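Accompanying notes for the structure given below.
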Amino acid sequence: MTATKKDPVLVILQLTGANDYLNTVIPYTDPHYRDNRPKVHIPEDQMLRIDDKLAFRPNMEPLKAIYDDGKMAVIHGIGFENSPRSHFRAMDIWHTCEPEIVGTEGWVAKMTRDLDPTGENVVKTVNFGQGLPRALALRGTPVTSVSNLENYGVLSSVPGVTAEEERDQLLERFARMYAPAVGTGPTMDYLGQTGRDALKGADIIKSAPEKYSSTIEYADNPIAKSLRDVARVYLADLGTQVFYTAHGPFDTHFNQPPMHTKLWTEVSGAISDFFADLKEHDAGDNLIMMLFTEFGRRVKDNGTGTDHGAGGVAFVIGDKVKGGMYGTYPSLKPEDLSQGDLAPNYDFRGFYSSVIDQWMGLDPVPIVGGKFEEMAFV
Amino acid sequence: MLTTVAAGRVFDYSYCIGMYGMSGQGFWSPQDFAFGSDGVIYVISRGVEEIGQRITRVTWDHEFLGQFGANGSGDGQFIWPRSLDLDQAGNVYASDDYLHRISVFDSEGGFLSAWGEAGSGDGQLNGPSGIAFDSNDNLFVVDSHNSRVQEFTKEGKFLGKWGSQGTGDGELNMPWGICVDREDNVYVADWKNNRVQKFTPDGKFLVKFCGNDKGVGDLHGPTGVAVDSEGDVYVTDWGNHRLQVYGPDGKFVTTLVGDAQQPSPWTQTYIDANPDIIKARRRADLEPEWRFHRPVAVNVDSQDRIVILESYRHRLQIYNKEKEYEEHSLNL
Amino acid sequence: MPHQEDIALMAHLMRRAGFGAHREELEARVAKGYEATVEELLHPEEQPAIDEDILYRFFPGYEGALGPPINQAEWVYRMINTSRPLEEKMALFWHQLFATGNSKVDNPPELTQQIAMFREHGLGSFRDLLVELAKSPAMIYWLDNNGNHADAINENWGRELMELFALGVGNYSEDDIKEASRAFTGWTIAPKIPRNPLGRFYWNFEYKPEDHDDGEKHFLGHTGNFNGEDIIDILVDQPASPKFLSRHLYNFFVADEPQVPAWDITPPGDPAAIEMLVNAYVESNYDIRSMLRVLFNSDFFKNARFARVKSPAELVVGTARMAGNYNAPRPGFNMLAMECNWQGQELLNPPSVESWHTGPEWIDGGALVRRVNYAANLMGNIDLPGIKSVIARIKAQGNLPPADLVAACLDAIGPLDVSEATHGELLAQAQDGGELRWDTEEDQTKSEQRIGILLSLISASRDYQFA
Numbered sequence: 222m223t224a225t226k227k228d229p230v231l232v233i234l235q236l237t238g239a240n241d242y243l244n245t246v247i248p249y250t251d252p253h254y255r256d257n258r259p260k261v262h263i264p265e266d267q268m269l270r271i272d273d274k275l276a277f278r279p280n281m282e283p284l285k286a287i288y289d290d291g292k293m294a295v296i297h298g299i300g301f302e303n304s305p306r307s308h309f310r311a312m313d314i315w316h317t318c319e320p321e322i323v324g325t326e327g328w329v330a331k332m333t334r335d336l337d338p339t340g341e342n343v344v345k346t347v348n349f350g351q352g353l354p355r356a357l358a359l360r361g362t363p364v365t366s367v368s369n370l371e372n373y374g375v376l377s378s379v380p381g382v383t384a385e386e387e388r389d390q391l392l393e394r395f396a397r398m399y400a401p402a403v404g405t406g407p408t409m410d411y412l413g414q415t416g417r418d419a420l421k422g423a424d425i426i427k428s429a430p431e432k433y434s435s436t437i438e439y440a441d442n443p444i445a446k447s448l449r450d451v452a453r454v455y456l457a458d459l460g461t462q463v464f465y466t467a468h469g470p471f472d473t474h475f476n477q478p479p480m481h482t483k484l485w486t487e488v489s490g491a492i493s494d495f496f497a498d499l500k501e502h503d504a505g506d507n508l509i510m511m512l513f514t515e516f517g518r519r520v521k522d523n524g525t526g527t528d529h530g531a532g533g534v535a536f537v538i539g540d541k542v543k544g545g546m547y548g549t550y551p552s553l554k555p556e557d558l559s560q561g562d563l564a565p566n567y568d569f570r571g572f573y574s575s576v577i578d579q580w581m582g583l584d585p586v587p588i589v590g591g592k593f594e595e596m597a598f599v
Numbered sequence: 154m155l156t157t158v159a160a161g162r163v164f165d166y167s168y169c170i171g172m173y174g175m176s177g178q179g180f181w182s183p184q185d186f187a188f189g190s191d192g193v194i195y196v197i198s199r200g201v202e203e204i205g206q207r208i209t210r211v212t213w214d215h216e217f218l219g220q221f222g223a224n225g226s227g228d229g230q231f232i233w234p235r236s237l238d239l240d241q242a243g244n245v246y247a248s249d250d251y252l253h254r255i256s257v258f259d260s261e262g263g264f265l266s267a268w269g270e271a272g273s274g275d276g277q278l279n280g281p282s283g284i285a286f287d288s289n290d291n292l293f294v295v296d297s298h299n300s301r302v303q304e305f306t307k308e309g310k311f312l313g314k315w316g317s318q319g320t321g322d323g324e325l326n327m328p329w330g331i332c333v334d335r336e337d338n339v340y341v342a343d344w345k346n347n348r349v350q351k352f353t354p355d356g357k358f359l360v361k362f363c364g365n366d367k368g369v370g371d372l373h374g375p376t377g378v379a380v381d382s383e384g385d386v387y388v389t390d391w392g393n394h395r396l397q398v399y400g401p402d403g404k405f406v407t408t409l410v411g412d413a414q415q416p417s418p419w420t421q422t423y424i425d426a427n428p429d430i431i432k433a434r435r436r437a438d439l440e441p442e443w444r445f446h447r448p449v450a451v452n453v454d455s456q457d458r459i460v461i462l463e464s465y466r467h468r469l470q471i472y473n474k475e476k477e478y479e480e481h482s483l484n485l
Numbered sequence: 003m004p005h006q007e008d009i010a011l012m013a014h015l016m017r018r019a020g021f022g023a024h025r026e027e028l029e030a031r032v033a034k035g036y037e038a039t040v041e042e043l044l045h046p047e048e049q050p051a052i053d054e055d056i057l058y059r060f061f062p063g064y065e066g067a068l069g070p071p072i073n074q075a076e077w078v079y080r081m082i083n084t085s086r087p088l089e090e091k092m093a094l095f096w097h098q099l100f101a102t103g104n105s106k107v108d109n110p111p112e113l114t115q116q117i118a119m120f121r122e123h124g125l126g127s128f129r130d131l132l133v134e135l136a137k138s139p140a141m142i143y144w145l146d147n148n149g150n151h152a153d154a155i156n157e158n159w160g161r162e163l164m165e166l167f168a169l170g171v172g173n174y175s176e177d178d179i180k181e182a183s184r185a186f187t188g189w190t191i192a193p194k195i196p197r198n199p200l201g202r203f204y205w206n207f208e209y210k211p212e213d214h215d216d217g218e219k220h221f222l223g224h225t226g227n228f229n230g231e232d233i234i235d236i237l238v239d240q241p242a243s244p245k246f247l248s249r250h251l252y253n254f255f256v257a258d259e260p261q262v263p264a265w266d267i268t269p270p271g272d273p274a275a276i277e278m279l280v281n282a283y284v285e286s287n288y289d290i291r292s293m294l295r296v297l298f299n300s301d302f303f304k305n306a307r308f309a310r311v312k313s314p315a316e317l318v319v320g321t322a323r324m325a326g327n328y329n330a331p332r333p334g335f336n337m338l339a340m341e342c343n344w345q346g347q348e349l350l351n352p353p354s355v356e357s358w359h360t361g362p363e364w365i366d367g368g369a370l371v372r373r374v375n376y377a378a379n380l381m382g383n384i385d386l387p388g389i390k391s392v393i394a395r396i397k398a399q400g401n402l403p404p405a406d407l408v409a410a411c412l413d414a415i416g417p418l419d420v421s422e423a424t425h426g427e428l429l430a431q432a433q434d435g436g437e438l439r440w441d442t443e444e445d446q447t448k449s450e451q452r453i454g455i456l457l458s459l460i461s462a463s464r465d466y467q468f469a
């Protein structure tokens with residue numbers, strides 16, 4: 222590790238599909254919990270008690286340990302007014318901070334632009350997954366999206382090309398096909414520049430796996446793989462400040478208990494391994510991770526699962542995080558529900574603002590589109 | 154209407170089972186079903202690409218017993234599950250019209266074996282659709298893209314075949330469903346020809362049930378067929394979203410269009426949990442929900458209960474054939 | 003043997019008016035003639051429609067698709083397998099112009115219905131199409147016309163109708179927006195059964211006279227008790243209307259124009275072309291088919307080879323059609339749909355009502371990597387039927403020196419024009435293997451592999467990014 226003060230790093234983990242708040246941080250002493258969840262509830266003898274009101278679901282043991290260590294903040298009742306019960310719309314709002322119109326500019330991309338206004342470092346923000354979530358979309362702000370760290374870049378899997386030298390030769394041809402040429406017009410020039418940049422970006426990214434070694438053995442599932450990729454790129458010191466990845470589907474309308482168990486087993490294990498990995502490399506002190514989902518699920522179960530709700534829960538994890546409970550758990554009383562859902566009592570843009578302002582050191586107002594109440598969890 | 158009286162028969166709507174579910178309690182684009190012993194019904198779901206392929210075990214009184222099968226081409230897996238039937242021992246046979254094979258499971262869903270290879274030679278398959286056992290426990294397989302029916306032993310040994318591509322009597326065009334009656338006669342839903350054909354056990358053409366293709370007694374893309382104890386023939390008229398009933402001689406009797414006015418208990422629980430859905434339902438005309446949408450398979454049990462599976466609505470609708478129906482007094 | 007230039011021109015027409023064609027199809031069309039082919043394309047109703055029975059038998063989930071990417075896959079299936087290429091291409095054109103997205107509508111089957119409406123009306127009268135659009139439930143929900151009431155107007159639809167769909171900015175006032183919105187009050191959607199847990203039910207357009215403002219309106223110089231259809235009648239007679247539509251057609255079918263928001267300050271690249279299209283519109287009473295007939299038969303179209311950057315849908319579908327293996331139901335269409343998404347064009351979910359930016363703006367680093375890898379992996383797969391037939395065509399020419407091998411490859415999948423730099427690399431690659439030989443079994447295996455790698459390299463080039 223270098224001795225200089227390092228830039229803050231943020232890992233964003235999206236729990237896609239709407240995680241069930243009530244069965245994640247369980248208000249187990251609230252009689253309305255059992256009343257509303259005749260089929261889809263966590264038995265009391267299995268839950269992991271936090272205090273005399275709340276408990277984590279079983280199979281969150283690794284996260285419970287982090288919580289007990291004071292390094293995990295739980296943000297209650299997060300969401301926004303008039304929460305739409307549509308995944309697509311709600312996720313868009315989380316991504317663009319635009320609850321009124323269909324927005325096109327992602328908040329993470331805006332943050333990236335502020336971190337690197339000239340777009341000099343194409344790996345300032347790295348997404349692990351296919352394509353680009355709208356949170357990372359902004360014209361003119363390059364973001365690197367990696368679906369497979371082992372196999373990243375152009376012409377990476379041309380059929381029949383197996384030998385390394387053969388692929389290298391194709392890449393050289395590609396570079397020359399995309400070389401600057403006089404008089405071919407602005408579009409050809411732009412394509413050429415983009416192609417050459419892509420080669421450069423791939424070279425940078427490819428250096429990460431080569432530099433990495435660790436004793437941590439991550440599990441064999443997509444989120445563990447993604448977080449291991451995050452660790453490898455982060456530890457390679459490429460100047461990346463924002464990592465984005467997603468896991469799911471948390472859309473547990475049907476057959477929720479086994480699905481939800483599997484998802485949280487995977488997420489908890491992966492996060493725990495990830496932070497252990499950073500610790501092993503003495504690199505945990507300038508990185509935090511935030512977890513969010515588009516909304517919580519309906520209070521009453523539907524017989525085998527739960528449907529789309531409103532208020533949800535978010536988490537922040539890291540050495541520099543002031544662990545504990547933030548905000549208040551929305552009331553489960555029938556008269557306090559909004560269309561059968563927990564009424565959100567904390568605007569997600571305040572949550573973003575806290576991270577942008579207090580951790581990343583940027584002005585949150587232009588990024589989230591206004592001033593929102595911050596919490597002091599970092 | 155809930156009770157249909159036609160040509161001396163009475164069909165009385167009873168209840169429905171099921172709802173949409175990508176996993177667990179529910180079906181997803183179900184394609185076929187079969188009755189097991191002890192009141193168990195096996196339903197095979199096609200799902201969509203890479204998700205939802207499975208066989209659900211459910212009882213007549215809505216108890217979800219479990220599921221088996223998953224996406225893939227390994228043992229016990231499906232890419233395009235299509236049809237199923239049970240042998241006399243209660244083992245479950247299921248066709249896959251992408252993998253060109255028949256997979257065999259025990260009655261609890263444990264994988265036993267799989268057989269079938271792609272091709273057009275004797276015993277080879279191209280898009281196997283409907284399957285049905287005869288009284289000797291041999292399996293008829295609708296070999297759809299080869300426009301023929303083939304007969305196999307339970308172990309997959311080729312026994313015989315009939316049919317060829319065409320529109321004449323005894324010829325077939327992308328046939329789909331199949332059933333065997335008490336005399337081991339075979340009925341084939343000749344899908345692209347908009348008709349059902351009846352054959353002797355060795356494939357001799359007997360009679361056809363048809364019309365063409367959207368008129369009163371007609372069929373458009375028939376998928377499933379079943380015969381009751383009196384020889385009446387039921388055909389899921391998939392393209393017209395209805396069930397056609399014919400007499401043993403092929404004469405058209407009546408049409409059922411679906412009557413699920415009362416949601417299944419699974420559906421009702423789901424609705425009850427969602428205040429916004431309750432609100433929306435109170436403002437909507439609910440009749441489209443009662444009606445068949447893509448009825449895809451039909452079976453008749455030993456008590457002449459007629460059960461229709463709907464691919465698009467993910468449920469089974471059940472009718473009783475009332476043998477001792479007493480007319481109400483007409484001057485009520 | 004058809005003339006090479008005729009084949010090249012036909013290939014150009016089919017890339018633009020459709021999603022590209024194999025060499026065999028091009029030769030058959032050249033035999034029929036260029037203008038006859040244009041007429042055939044303009045009359046899709048004379049060709050068989052996609053067999054929906056087959057589609058829903060093998061993909062029951064495509065009917066009333068529960069969610070993306072199933073609905074997107076259904077459209078990709080149609081784009082690849084249609085016998086009516088222009089009908090499908092026009093559906094894509096209208097989707098890009100009347101951009102309606104699942105991010106808000108959250109109802110994939112309704113978006114699919116809107117596309118079906120584009121298929122039905124997309125080559126007819128622009129006036130009728132706008133009326134259908136105004137009644138499209140997905141559009142009504144997307145632009146909030148269900149919230150546009152006699153006593154409280156919502157201007158979203160009224161504004162976009164003029165700004166983005168029919169006239170372009172600068173051709174109407176804020177008052178015109180208000181008055182148009184008043185005229186569309188009461189145009190809404192009827193209540194329907196909610197989707198879960200018994201599959202989808204469809205929305206229906208509903209006109210509510212009791213929620214319609216039937217007072218007098220002043221709109222673009224006209225006064226009257228206008229209803230929505232009257233507004234559309236006035237709009238299609240505005241001089242701005244054909245100019246705007248013609249520029250969109252030019253940008254989609256002929257050559258990349260600047261992005262739409264710049265149109266009120268940047269003149270068209272070819273004003274004479276726009277004028278020809280405008281005249282066709284006026285002379286034919288807003289008939290889209292007549293405009294396209296003029297367009298495809300014009301010199302400005304014929305000379306505009308490789309003047310547009312392919313949209314992701316064009317690249318994905320065109321390459322899949324060329325390589326083959328998607329010409330019947332099979333698993334894999336979801337992946338093709340996802341590929342469009344990953345390359346930056348999520349079908350049925352444009353980023354906003356302002357749609358996608360096109361031309362060079364389809365390309366960024368991530369998109370280019372995906373485009374190159376997708377095309378190179380398919381075109382280099384010598385087991386696919388389309389590639390096998392390309393190989394057979396080259397093999398029929400016997401042993402070939404490297405320069406002829408490159409020419410044969412470019413010809414067989416195009417014909418394609420490439421830059422000097424690209425050609426130089428292709429030639430160098432071909433020269434590394436020497437003469438292409440078919441004499442022994444070993445030669446054959448090696449030659450097939452060499453052709454595959456050359457095709458990969460061609461489809462990885464800058465030149466392949468253009469249609």
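Protein chains in written order, with our numbering: chain A, 222 to 599; chain B, 154 to 485; chain C, 3 to 469.
No residue lacks a Cβ here, since even glycine has one placed at the ideal position from N, Cα and C.
Please read these numbers as outputs of a predicted model, since none were measured by experiment.
Beta-carbon neighbours of residue i, restricted to chain B and to distances below 9 Å
i, result
"A/Lys521", "Asp425, Ala426, Asn427 and Pro428"
"A/Phe513", "Near A/Phe513 there are no residues of chain B at all, since even the closest Cβ is about 23 Å away, more than 9 Å."
Near the ligand SAH: residue i beta-carbon under 6 Å from a heavy atom
i, result
"B/Trp181", "This structure does not include the ligand SAH; it has no bound ligands of any sort."
Residue i at chain C interface by Cβ criterion, 7 Å
i, result
"B/Ser182", "yes"
"A/Gly533", "no"
"B/Val451", "no"
Cβ-based burial, residue i [other Cβ within 10 Å; buried from 16]
i, result
"B/Thr376", "buried"
"C/Asn379", "buried"
"B/Leu155", "exposed"
"A/Leu403", "This sequence places Val at residue 403 of chain A; Leu is not what is there. Result: exposed."
Residue-chain proximity (residue i, chain A), Cβ-Cβ < 7 Å
i, result
"B/Gly174", "yes"
"B/Thr422", "yes"
Minimum C-alpha distance to residue i - residue among the options
i, options, result
"A/Arg355", "A/Val261, A/Thr325 and A/Ile426", "A/Thr325"
7 Å Cβ cutoff, residue i in contact with chain B
i, result
"A/Phe536", "no"
"A/Asn240", "no"
"A/Asp290", "no"
Let me know the beta strand (DSSP E) ranges lying completely inside the segment 371-419 of chain B, each 3 residues or longer, listed in chain order. 375-380, 386-390, 395-399 and 405-409
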